[in-house]
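Peer 1: With this note's numbering applied, the sequence shown corresponds to residues 57 to 129, in that order.
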Amino acid sequence: ALYALYQRHMPKNKTTTAWGIWNGFYNIALGLGALISAYVAHSFGFRGVFTVMLIIAALGLVFALQLARHKRV
57 ALYALYQRHM
67 PKNKTTTAWG
77 IWNGFYNIAL
87 GLGALISAYV
97 AHSFGFRGVF
107 TVMLIIAALG
117 LVFALQLARH
127 KRV
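(1) Can you grab the Cα-Cα spacing for the pair tryptophan 75 / glycine 89, in whole Å?
(2) Quick check: the Cα distance between histidine 65 and glycine 80, rounded to an integer number of angstroms?
(3) Among Trp78, Thr107 and Ala120, which has the Cα closest to the Cα of tyrosine 59?
(4) In whole angstroms, give me the CA-to-CA distance for phenylalanine 106 and threonine 71.
(5) Where alanine 85 and valine 108 are concerned, what is the direct C-alpha to C-alpha distance, given to the nearest angstrom?
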């Protein structure tokens, strides 16, 4: 569903470029996430990793609720 939504909003004449940029940033973010979580797990234990994940998820929920309130998605 995410890819269909993304495809709908990308420029029609630059679809290949847009998908390349999307996949590039996705893979970079995936690698950085693994490195950062490994550092947090090594430094603070797995409880620290799950605490960071909880905070990020809570911030994402607040952002999504604010967006839904303003745009009526």
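C-beta atoms are modelled at their ideal positions from N, C-alpha and C, and glycine is treated no differently.
Peer 2: Concretely, from the data shown:
(1) Near 21 Å, if we compare the C-alpha coordinates of glycine 89 and tryptophan 75.
(2) If I take the Cα positions, the gap works out to 18 Å.
(3) Comparing Cα positions, the closest option is Trp78.
(4) About 36 Å.
(5) Roughly 16 Å between the two C-alpha positions.
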